[in-house]
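Asks:
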């Protein structure tokens, strides 16, 4: 002690007297030695060397440019070294190294430009080093490395521009603790615990601006802990735990602006590392690296502020890693990479604020990864990529706010991936891409708000992918694309709101895909496209609301596709197109509400397609068009409500198509068109209600078409047109109700069949076969009262058959076969009272047959065959009373036959046959015949029979039979051959007279002088006498009158 004090005094005196730096050099050998040096001044130099254990060395220097060196090394144990320097430009060095243990070194420097170093290295252990520097531009270094372990190092620097280094590294250094604190600006801190170092702990704190900090625990280092805290702006921090390092933990906190933070836990099977970073402020950048075959690592980063950038990298064969990133503020960017054969990784990103950007990359053969991005507020952009062989990955994006963008990419042979995008707010955009051989991926997009856009793309060979978009709000757009070899994919779109747009595209060879669009709201648009050889795809559209538009397109070679549109609401529009080689497709449209429009188009060569439209409501319109070589297609329309319009068009070479319209309600209109070469088509219209209109047109060369209209109700109208070269067509109309109108027109056509059936009152049925129509058949059946049936066969129409059947009261049936119509058959059958039947066969109409059958009272039957009516036959049969039967065969009449039978219990019936005009003379084929039977084998009276034959005819034959009494026969025969008449009357009060009635003579005149033959047989059992007045003019006339009976 005395020695130390003497040195101190001498050095002070020397400094004052000589003004030169002092030099102190102390060497101690042994154990438990103590050395203390105190120096004040400029440029002082102090050296203490202690050899041994439990030594203590203390040096204190003040003022400037002083130097201290304390050496306690070479296997020394339990030594303590202390250096205190105040002033500027001082240098302090403590050495406790080379297998030294349990040493303590402490150094304090106050001032600027000082340099300090503590060395406890080279197999040294359990040493403690502490360094404190106050001032600017100081430099401090602590070495505890090279197989050193259980060492503790602490460094505190206060001031600006300081440099601090702590080395606890190299060759299995372990269990070391390093702590550094720097306050001020422009400081640099470095802690090294690396090169197979284990279980080390490093902590660094920097306060100020422009500081730089680095902690290195790398190169096969494990179980190390690193913590870095920086407060201020423009700081930079780096933590290295990489290169086969494992079980390391790194934590970094930066508060301020413009800071840069990096944590590296990567390279060569680094595993089980944990990294956490927190940055508060603006313009900060954070980076965490756990990559290159790194496994089971956990990385978490939190940033609050604006304009920050964050990146977490767990890639390159890395697996089972977890990454979490949270950013609060605006214009931030976040990136997480788990790619390049990385597997079983989990990534989660949360961003709150505006205009943030988030990216998670799990791609390039990465498997079983989980990724999630959550963004709150406006203007965000989120992207997740799982592609290039990525499989079994899960990706989720959640965004709330306005103008956000979310994108998920699963492509290039990626499979079994699951993606979900959820967006709440307005003007958001969500995009999912599953393509280029992507297989069994699932993509779901959910959006709430307005003006959102959702897009899912499954194309270029994707297989068994599932895509779904759900949107709630207005003016949203959803698009799903399954094309270019897409197979067995499923796409669904659900939208709730107004002015939304949903689109599904399945085309370019897509196979067995399923697409569905469901929309609830108004003014929505849904479009499904299945085309360009799309096969076995299914598309459904469901819409509820008003002013919606649904469109399905199956064209350019698609086959076995199914499309369905369902709409509930008003003023909706649904359109299905199956054309251009479409084969075996099915399209259905279902609409409920008013003012809806449904359209199905099957044209340009579609084959075996099925189309159906169902509408419930009022003022709806349904249109089906099967045209342009359409073959074996089926179209149906079903409508319930009022003022609906249903239209089916089968034309331009269509073949074996079937069309049906069913309408229930009032004032509906149904139209079927089969024309322009349509062949073997079938059209059926069924209507129930009032004021309905049904129209079928088969014209311009249609062949073997079938058309049917069925109407139940009142004031309905049914029209069938078979014309302009139509061949073997069939048209059937059935109506029940009152005031209905049915019309069938067959012209310039052949072997057509038309049938009309009406049950009700005041119905009207009209069938027209004309302009060369041949071998046509019309049948009209009416039941009930005051019905009217009309058949017209004219203008060179041949071999036509017309049948009218009516029952009940005051019905009228009319058949007209005129203008060169030949070999036609007309039949009218009426049962009931006060019915009228009219048949007109005229104008070169030959070989025609007309038949009227009436049962009931007060019926009228009228047949006219005239104007070169050759070999025509007329039959009228009436059963009842007060009936009138008239047959008129005249004008160039040849070989005509007229037959009237007014049978059982007939009273007051009138029968008139007129056969007049020029014709053959006496040949068998030219013999005209007239037969009237009244009341045969029964009772009846007061009947009248009139036969007029002559005025240019030849060889006429008349046969009249009347039974009971008070009957009258009027006869006038004037022919060029032998006229023959046989009149048989049974009963009393009968008479045979001329055309003038009682008191006039029945007349036979042969204009050629041939003999006439008349036989009259009047038989009465008693009572009023019978009368026969006969006059004959000719040569060799024969009259035989037989009258029997007993007069009273």
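Numbering (the working numbering), first residue to last: 122 to 1169.
Glycine included, each C-beta is placed from N, C-alpha and C at the ideal position.
CB residue 380 to CB residue 400, shorter than 9 Å?
Replies: Closer than 9 Å, so yes.
Asks: Check the C-beta distance from residue 995 over to residue 971 and give it rounded, since I have them as a contact under 8 Å.
Replies: Confirmed, Cβ separation roughly 5 Å.
Asks: Between the alpha carbons of residue 1171 and residue 677, how many angstroms are there, rounded?
Replies: In the structure displayed, the chain extends from 122 to 1169; residue 1171 sits before or after that span and is not available.
Asks: Quick one: is residue 1157 buried, meaning 16 or more other Cβ sit within 10 Å of its Cβ, or exposed?
Replies: Label assigned to residue 1157: exposed.
Asks: Between the Cα of residue 1172 and the Cα atoms of 837, 865 and 860, which residue gives the shortest distance?
Replies: Given a span of 122 to 1169 for the chain in the structure shown, any question on residue 1172 remains unanswerable.
Asks: At 3 residues or longer, what runs of the beta strand (DSSP E) sit wholly inside the region 138-210?
Replies: Counting whole runs of 3 or more residues, the region 138-210 contains the beta strand (DSSP E) stretches 144-150, 155-163, 166-172, 177-185, 188-193 and 201-209.
Asks: Are the beta-carbon atoms of residue 217 and residue 245 separated by less than 9 Å?
Replies: Taking 9 Å as the Cβ cut-off, residue 217 and residue 245 qualify as a contacting pair.
Asks: Determine the DSSP secondary structure at residue 901, reduced to helix, strand or coil.
Replies: Reduced to three states, the DSSP call for residue 901 is strand.
Asks: According to the neighbour-count rule (16 or more other Cβ atoms, all chains shown, within 10 Å of its Cβ), is residue 1130 buried or exposed?
Replies: Answer is exposed; the Cβ neighbour count stays below 16.
Asks: Report, in whole angstroms, the separation of the C-beta atoms of residue 722 and residue 699, which I expect to be a contact under 8 Å.
Replies: Residue 722 to residue 699, Cβ: 7 Å. Contact.
Asks: Which value, in whole angstroms, describes the spacing of the CA atoms of residue 762 and residue 637?
Replies: Distance between the alpha carbons of residue 762 and residue 637 is about 28 Å.
Asks: Could you give the DSSP three-state label for residue 485: helix, strand or coil?
Replies: Looking at residue 485 - three-state DSSP - the assignment turns out to be coil, as it is neither helix nor strand.
Asks: On the premise that residue 303 lies in contact with residue 327, defined as a C-beta separation below 8 Å, what is that separation, rounded to the nearest angstrom?
Replies: Confirmed, about 5 Å.
Asks: Does residue 1165 pass the burial test, meaning 16 or more other C-beta atoms within 10 Å, or should it be called exposed?
Replies: Flag for residue 1165 reads exposed.
Asks: Starting from residue 982, trace the beta strand (DSSP E) both ways and give me its first and last residue.
Replies: First-last of the beta strand (DSSP E) with residue 982: 981-987.
Asks: Quick one: grab the DSSP three-state call for residue 499.
Replies: Correct three-state label for residue 499: coil.
Asks: By a C-beta neighbour count over all protein chains shown, 10 Å radius and 16 as the cutoff for buried, is residue 949 buried or exposed?
Replies: By the 10 Å Cβ count, residue 949 comes out buried.
Asks: DSSP state of residue 1159, grouped into three classes?
Replies: Reduced to three states, the DSSP call for residue 1159 is strand.
Asks: Alpha carbon to alpha carbon, what distance is there between residue 858 and residue 1160?
Replies: In a straight line, the C-alpha of residue 1160 is about 57 Å away from that of residue 858.
Asks: Can you tell me whether residue 591 is buried or exposed, with buried defined as 16 or more other CB within 10 angstroms of its CB?
Replies: By the neighbour-count rule (16 or more Cβ atoms within 10 Å), residue 591 is buried.
Asks: Hey, how far is the Cα of residue 127 from the Cα of residue 220?
Replies: Here the model assigns residue 127 a pLDDT of 35, short of 50, so the residue's position is not dependable, and the following value carries that caveat. In a straight line, the C-alpha of residue 127 is about 35 Å away from that of residue 220.
Asks: Between the C-alpha atoms of residue 309 and residue 405, what's the straight-line distance to the nearest angstrom?
Replies: Residue 309 and residue 405: Cα-Cα distance of roughly 18 Å.
Asks: Could you give the distance in angstroms between the alpha-carbon of residue 492 and the alpha-carbon of residue 575?
Replies: Their Cα atoms are separated by approximately 20 Å.
Asks: So, with DSSP's three-state summary, where would you put residue 556?
Replies: Three-state DSSP puts residue 556 in a strand.
Asks: Could you tell me the distance, in whole angstroms, from the CA atom of residue 1048 to the CA atom of residue 1019?
Replies: When rounded, the distance between both Cα atoms is 11 Å.
Asks: Is it true that the CB of residue 478 sits closer than 9 Å to the CB of residue 507?
Replies: No, they are not a contact pair.
Asks: On the DSSP letters alone, give me the boundaries of the beta strand (DSSP E) that residue 289 sits inside.
Replies: No beta strand (DSSP E) holds residue 289; DSSP gives it neither H nor E.
Asks: I want to check one thing, is the minimum distance from the CB of residue 840 to the heavy atoms of the ligand SAH below 8 Å?
Replies: Judged by which ligands are present, the structure shown has none, so any question about the ligand SAH falls away.
Asks: Assign residue 356 to one of two classes, buried (16 or more other C-beta atoms within 10 Å of its C-beta) or exposed (fewer than that).
Replies: The residue in question, residue 356, is buried, as its Cβ has 16 or more Cβ neighbours within 10 Å.
Asks: Count the other C-beta atoms from every protein chain shown that fall within 10 angstroms of the C-beta of residue 835, then say buried if there are 16 or more, exposed otherwise.
Replies: Buried.
Asks: Quick check on residue 1150: does DSSP put it in helix, strand or coil?
Replies: DSSP places residue 1150 in coil when its eight states are reduced to three.
Asks: Please name the residue, chosen from 325, 1068 and 825, that lies closest to residue 1092 on a Cα-to-Cα basis.
Replies: The shortest Cα separation from residue 1092 among 325, 1068 and 825 belongs to 1068.
Asks: For residue 1171, which three-state DSSP category applies?
Replies: Nothing about residue 1171 can be read from this structure; the chain reaches only from 122 to 1169.
Asks: Looking only at DSSP bridge pairs, what is residue 947 linked to?
Replies: The partner list for residue 947 (beta bridge, DSSP) reads 923 and 971.
Asks: Does the Cβ of residue 457 have 16 or more other Cβ atoms within 10 Å, making it buried, or fewer, making it exposed?
Replies: With 16 or more other Cβ atoms within 10 Å, it is buried.
Asks: Return helix, strand or coil for residue 629, following the three-state DSSP convention.
Replies: DSSP places residue 629 in coil when its eight states are reduced to three.
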